Amino acid sequence: MSTLHELVHEHVSLSDAAVDHLQAVVSDWQILSDLSFADLLMLARDHADQFVVLAQMRPYTAPTLHHEDLVGDVVAPADRPHVEAAFETGQIQRLDGRRTENGSVPGVADDPEGSVAYRDDAIPIWFGGEVIAVVTRQINPATTRSVSALEKAYLGTADELVDMLAVGAFPFPGESHERELAPRVGDGMLRLEPSGRVAYASPNAVSAYRRLGVVGNVIDRNIADFDMDDVAVLRALADGDALESEVEARGAVVLRRLLPLTRDHDVLGGLMLVREVTELRRHERLLLYKDATIREIHHRVKNNLQTVASLLRLQGRRLQAPEAVEALGESVRRISSIALVHETLSQDARQRVSFDKVASRLADMLTTGLTDPERPVQVVIDGLAGELGPDVATPLALVMSELVQNAVEHAFPSTGGEVVVRLDRRAARLIMEVVDDGVGLPDGWDLRRSANLGLQISLTLVESELAGTLAVDNDDTGTRCLVDIPLPG
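Residue numbers (the working numbering): 19 to 507.
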């Protein structure tokens, strides 16, 4: 199914700002659909002067009239004269009609046997002084025959939202809220009068406030008498401003969203949707605690590794044999490479490593610890690897350290040079090249038979830990080590 942006780009001539406004309507029109017990369709005029369906919404509170997906369908204006009239007049057009069993988009039709009665409103969407789209609200009267208090409150509020939608007062400009968590009509709904008195509260809304410790029915009571954040609610209601807030009491957490209902800048009342999110917030807090614990563990591992490295340095100062001192120095660098990854993980709650930062710090560390002033070697990082999981970043950091260290120590026996680490992040792979402009490999050199300890470690890590390949050969100017590893999806 095409997205709204794709359909507009293909069929309709609208500015980016106008498309953003339509997207804002679509983001919030579930409320209107549920309150109206109605299917919603958004139609715009295409390049051929037809109507194309840009978006569709089905209600959670009633059976749908459209079991088929209509997004992308093209409709002739002659089949939807009330939509054409809404475009031309900029006024809401109301139509009562019938829908045949095989009709895909309701229109003006005869009354054949077996058809279904419906009501179809065409609501113009204004932007920039013109009608850019029309939303149709298709209600099946068979679903709203019993006139209960709930249905009266729902339908009355829906009609007021329709009037606001037609003049651009809904959705509220600049309102920001958690779309995934935002309360829906079925979660709990209160209809407020301008004074803050509760004219209607759905059973789910009453239950939500009962979890907060509110005893008794809330209908006919002023919200100031029982709400935990009544000052903010009453202020927003008086000013006609949307408000989203969260209250907590007696271990329960309730998320609330207030939508003032206005006409000509006068506040007619308010729609407040409530949702109990106690368990959700509890899980979020547990995850935050878990993230903090994992970060603390990484921090302690890093400190322990640095302690081990310091002990090895102290031991190295007591040794006389150059081979032993060099071996301990290599071990210190390997431990420091692992410590860098854990340090990065201790700073990020998402458990992802910015390998580019690790590579840059490794390059600085190796340049400082290995290069001889008489044979200066520059280590350069080229390209980006992006973020990696610790299961990839840790062995890859070790491999990079070993390959760069090997190049610095063996590629430049008498003069300085440059080592370039090229990082190439692809869709499902990561390519790392370590290229030097040194003396190159001797004739007959083979990775499997001739590799020193550092290359053997690199080969083992690449093949066993990273499930990749390592190739070492002569480049045009020196030696090239090519690491190719798959990345988990």
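The beta carbon of each residue, even a glycine, is placed where N, CA and C say it ideally should be.
Bear in mind the structure is a predicted one, so any value in this text is a computation, not a measurement.
query                                                                                                                                                                                             : result
Candidates I110, A96, H65, D57: which alpha carbon is nearest E86's?                                                                                                                              : D57
Could you check the C-alpha separation between L332 and Q396 for me, to the nearest Å?                                                                                                            : 28 angstroms
Quick check on V101: buried or exposed, where buried means 16 or more other Cβ atoms within 10 Å of its Cβ?                                                                                       : buried
State the Cα-Cα distance for the pair E392 and T433, rounded to the nearest angstrom.                                                                                                             : 8 angstroms
Per DSSP, Q396 is paired with what?                                                                                                                                                               : E436
Can you tell me where the beta strand (DSSP E) with S263 in it begins and where it stops?                                                                                                         : 261–267
In the structure shown, what three-state DSSP assignment does W144 receive?                                                                                                                       : strand
Tell me whether Q369 sits in a helix, a strand or coil according to DSSP, three-state version.                                                                                                    : coil
Are at least three pairs of beta-carbons, each pair with one atom in the segment 449–456 and one in the segment 417–427, less than 8 angstroms apart?                                             : yes
Leaving aside the five residues before and after V123 along the sequence, list all residues of the same chain whose C-beta is less than 6 angstroms from its C-beta, in chain order.              : Residue placement at V123 is poorly supported in this model, since its pLDDT is 39, which falls under 50; the coordinates are not used for a value here.
Less than 7 angstroms between C-beta atoms, sequence neighbours within five positions excluded: which residues of the same chain meet that for S33?                                               : none
With DSSP as the reference, label R63 as helix, strand or coil.                                                                                                                                   : strand
Is A485 buried or exposed, if buried means 16 or more other CB atoms sit within 10 Å of its CB?                                                                                                   : exposed
Can you list, in chain order, the stretches of the beta strand (DSSP E) that have 3 or more residues and sit fully within the segment 196–257?                                                    : 207–210, 216–219
Using a Cβ-Cβ cutoff of less than 6 angstroms, which residues in the same chain neighbour I449 once the five nearest sequence positions on both sides are dropped?                                : D442, D502
DSSP three-state call for L83: helix, strand or coil?                                                                                                                                             : coil
Where DSSP assigns a beta bridge to A270, which residues make up the other side?                                                                                                                  : A267
Specify, as a first and last residue, the run of the beta strand (DSSP E) that D284 falls within.                                                                                                 : 284–294
Could you check whether the segment 260–267 touches the segment 151–160, counting it as contact only if at least three pairs of C-beta atoms, one from each stretch, sit closer than 8 angstroms? : no
Rounded C-beta distance between R370 and E405? I'm assuming under 8 angstroms.                                                                                                                    : 4 angstroms
Contact between the segment 372–380 and the segment 324–338: three or more CB pairs below 8 angstroms?                                                                                            : no
What did DSSP end up calling D442 once you bin it into helix, strand or coil?                                                                                                                     : strand
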